[in-house]
Amino acid sequence: TLTGGAASIREHNKEYIEKLQDMAQSNSDKSFLNNLDFILKLEGGYNNVKGDVPTNLGVTQRIYNIYRKEKGLPIQSVKNINLEEAVPIYYRYFWKPSKADELQHPLDLVYFDMYVNSNPHDAKMVLSRSNNDVYTFIENRRKFYSQIAKNKPEKKQFEKGWNNRLNILKKYVDDFYSNSQ
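Per this note's numbering, the very first residue in the sequence shown carries number -8; after that it's consecutive.
Have a look at this one:
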C-alpha cells in the first residue's frame, strides 16, 4: 500500500521499474521499461475528471476490465490498480501492439506516449504523417490535439494539459540530442 501522495508513488514506481530492468533480457524490454518509467511520471495516480474516462497510472477502466477478465480476476475499480498490474497491461496492450520498439529513441517514447494517451489509430496516423522525425511527430501531435479541442468543445479543457505533456516530451527530446553530441 502506498501512502504519502505522488512523491511516494513515483519512488515506488522507480524502485519497481529498476527491479524489472535488472531482469529484462532484450533491448526491447529495456526500452519498454525506460519509456514506461517516463510515462508513469506523466500519468500520475487516479483521475476521474468529468468529460474523460477514469484512469489510474494511465490505465483506463475499460483496459483494466479486459486485463482482469483475461486473468480470471473479478472486475474492480481502476482506482485499485497497482503497479504490478499496470506494467503487464502497458506491455501487452500498448508497447507490443504499438511496435514502438521498432522506432529509434526518442521517437519510440513520444509515439508510445501518444499510443497510451490517445488511441492506437490516431497515434499511427500521426506517426505516418511525421516521416519518422520526432520533432515533426510532436508538432503533428500538437496540431491533432488542437483539432480535437476545436471539433469537440467538451475536450477543450484538456488542451492545456496535452500541450504541457508535449512540452515535457519536447524538452526530453532536446536534452537527449544535446547530451548525445
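Note that beta-carbon positions come from the ideal geometry of N, C-alpha and C, so glycine has one too.
Rounded to whole angstroms, the separation of the alpha carbons of residue 104 and residue 34 is 10 Å.
About 5 Å separates the CB atoms of residue 47 and residue 72; that is less than 8 Å, so the two are in contact.
For residue 167 against residue 97, the beta-carbon gap comes to about 5 Å, under 8 Å, which counts as contact. Residue 47 sits in a strand when the DSSP states are folded into three classes.
With fewer than 16 other Cβ atoms from the protein chains shown falling within 10 Å of its own Cβ, residue 63 counts as exposed. As the crow flies, the alpha-carbon of residue 124 is around 15 Å from that of residue 163. Distance between residue 52 and residue 172, taken at the CA atoms: about 42 Å. Beta-bridge partners of residue 38 (DSSP): 46.
Nearest Cα to residue 146 within the set 42, 23, 20: 42. Close CB contacts of residue 133 within its chain, under the 7 Å cut and outside five residues either way in sequence, are with 154, 157 (chain order). Taking the Cβ atoms as the reference, residue 106 lies roughly 4 Å from residue 114, within the contact range of under 8 Å. Comparing alpha-carbon positions, the option among 170, 83, 99 lying closest to residue 129 turns out to be 99.
Pairing residue 86 with residue 25 gives a Cβ-Cβ distance that is not under 9 Å. Restricted to the region 82 to 140, the alpha helix (DSSP H) segments that are unbroken, complete and at least 4 residues in length are 98 to 108, 111 to 119, listed in chain order. DSSP places residue 164 in the uninterrupted alpha helix (DSSP H) bounded by 150 to 170.
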